[in-house]
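Mapping the sequence shown onto this note's numbering, position 102 (from 1) lands on 107, and the numbers just tick up by one.
The beta carbon of each residue, even a glycine, is placed where N, CA and C say it ideally should be.
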Amino acid sequence: PVTDIPTYKLGSIQNELATTYTVNKEVTEIRMRVRDGVRFHDGKPMTADDVAASLRYAIDPATGGTMAGSLADITSVAVDGSEVVMKTAAPSVDALYRLTLFRVQSPKFFGKAANTPVGTGPFKFAEYVPNDHLTLERFDGYWKSTPSNVKTLTFKFYTDPEAMLNAALAGELDILQFG
């Protein structure tokens, strides 16, 4: 199926790495309870401290790159037991939705994501060959059941549209994206 972006509607937020979340009535504080049993791709358990450190890294303009802009409404991040508490300087309706774009990474690997990204998702980094491909492998330690028989994902990079079209026509590609 093709998603028509101009008519796409926001859905409800699904809990993944957080089991619950609350927003105060002033819409200046978000509290998220961190899910137990989640592991990073290196096997280390993910904790509320890891999530908070990852958020602080992301909102810092010196380290966060594009996420620093996306999460700019968040001014502070703290840990309260198994909850991560984020505060905004002013009411922010979209801060919670912007958090859905955020990916927790292991603090042990901050600054190394280009070569050794370590997150919590169903697939982990396997190989990157510049200007050719990126390969991800299924992460057997993923916290939730994933009904799929896919073991490997390979993203091929094409600079020549004709080469990409030829690969598609030859049946070498499962998904094709232009632009």
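CB of residue i within 7 Å of CB of residue j, strictly
i, j, result
"Glu-177", "Thr-157", "no"
"Arg-103", "Leu-76", "yes"
"Met-72", "Ala-63", "yes"
"Ala-100", "Asp-78", "yes"
"Arg-38", "Ser-87", "yes"
"Pro-96", "Val-32", "yes"
"Val-109", "Leu-22", "yes"
Proximity to residue i [Cα-Cα], best of the options
i, options, result
"Asn-29", "Gly-48, Met-51, Ser-59 and Met-91", "Met-91"
"Pro-122", "Thr-105, Asn-136 and Thr-140", "Thr-140"
"Gly-81", "Ala-67, Ala-57 and Gly-74", "Sequence check: residue 81 is Ser here, not Gly. Closest by alpha carbon: Ala-57."
"His-138", "Asp-145, Gly-86 and Phe-130", "Phe-130"
"Ser-17", "Thr-105, Ala-173 and Glu-31", "Thr-105"
"Ser-150", "Ala-175, Gly-42, Thr-25 and Asn-120", "Gly-42"
"Trp-148", "Pro-50, Gln-19 and Asn-154", "Pro-50"
"Val-98", "Ala-173, Thr-27, Gln-182 and Phe-115", "Thr-27"
Cβ neighbours of residue i in the same chain (closer than 7 Å, five flanking residues each side left out)
i, result
"Glu-167", "none"
"Tyr-163", "Met-169"
"Pro-66", "Ala-73"
Nonlocal neighbours in the same chain, by C-beta distance under 6 Å from residue i, ignoring five residues either side
i, result
"Glu-34", "Lys-92"
"Lys-185", "Since the first and last residues shown for the chain are 6 and 184, residue 185 lies out of range."
"Val-89", "Met-37, Ala-53, Val-56 and Ala-57"
"Ser-59", "Val-109 and Gln-110"
"Thr-24", "Arg-38 and Arg-40"
"Gln-182", "none"
Sequence-distant residues of its chain with Cβ nearer than 8 Å to residue i (five each side left out)
i, result
"Gly-116", "Thr-68"
"Ala-173", "Leu-181"
Can you list the beta strand (DSSP E) stretches of 3 or more residues lying completely in the stretch 141 to 171, in chain order? 157 to 161
Go through the stretch 81 to 143 residue by residue and report every complete run of the alpha helix (DSSP H) that reaches 4 residues or more, in order. 100 to 104
Cβ contact check for the stretch 112 to 126 and the stretch 39 to 53: 3 or more pairs under 8 Å: yes
Note down, one range per segment and in chain order, each alpha helix (DSSP H) of at least 4 residues found wholly within the stretch 16 to 78. 53 to 64 and 71 to 75
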